[in-house]
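**Q**
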Amino acid sequence: MLHHELVENIYMLNMDRRTMKWENSLMAFEEDIKSRSWLDWIKAHTSGFKPLHRYEGVLELNEEELIFDGRDVKENEKFKLKIPLRNITDVHYGFDEVFKGREERAWPWNKPLRIKYQSGEGERTIYLFAHFHHKSGIRTSDNEELYEKLKEMYPE
């Protein structure tokens, strides 16, 4: 089997399961953004570093839930968050009153994806950069793709 046929088969298998994955994803809770340090801000504005975040890992979306599986870079511990899709109350692609444009060096190209959801602790808010990468030297992510997929799954 040719390489491109194998890749296509793997892609179709994932589509059949209705599962999408994004490697090298970044995440932060609202409180992480609000309590960021001056050093965090400097790193987020330096080319070699990543946008403001606390968690790094793999983001997965399936028909039932959104899963972030990775590590807490501040505490250097494993971290996993599962959000049932039925618990998501709001999805916003872009900057807001907490994650402002001035927090991201690649503004306006690299926008965060904000997701609000209900948990046992009440309403929580996370900010994501799905598959953070560089394109033509500019920091970017697949947030628009994830946003469109969530809108498709749950139209207003």
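Our numbering puts the first residue of the sequence shown at 866, with every later residue one more than the last.
Ideal placement from N, C-alpha and C gives every residue a C-beta, glycine not left out.
Secondary structure at Leu950, three-state DSSP: helix, strand or coil?
**A** DSSP places Leu950 in helix when its eight states are reduced to three.
**Q** Leaving out five residues on either side along the sequence, give the residues of the same chain with a beta carbon under 6 Å from the beta carbon of Val811.
**A** Residue 811 cannot be examined here, being either before or after the span of the chain that is shown, 866 to 1021.
**Q** How many Å lie between Thr884 and His996 at the Cα?
**A** So the two alpha carbons sit approximately 15 Å from each other.
**Q** Cβ-heavy atom distance between Glu988 and the ligand MG below 7 Å?
**A** The ligand MG is absent from the structure shown, which contains no ligands of any kind.
**Q** Using DSSP with H/G/I as helix, E/B as strand and the rest coil, what is Asp955?
**A** Asp955: strand per DSSP, three-state reduction.
**Q** Please classify Thr954 as buried or exposed, where buried requires at least 16 other C-beta atoms within 10 Å of its C-beta.
**A** By the 10 Å Cβ count, Thr954 comes out exposed.
**Q** Rounded to whole angstroms, what is the Cα-Cα separation between Leu993 and Asn941?
**A** Near 19 Å, if we compare the C-alpha coordinates of Asn941 and Leu993.
**Q** Secondary structure at Glu1010, three-state DSSP: helix, strand or coil?
**A** It is helical.
**Q** Among the candidates Ile948, His957 and Ile991, whose CA atom is the shortest distance from the CA of Ile898?
**A** Minimum Cα distance to Ile898 is reached at Ile991.
**Q** For the beta strand (DSSP E) that Glu930 lies in, which residues bound it at each end?
**A** It spans Glu930 to Asp937 - the beta strand (DSSP E) in which Glu930 sits, taken as one unbroken run.
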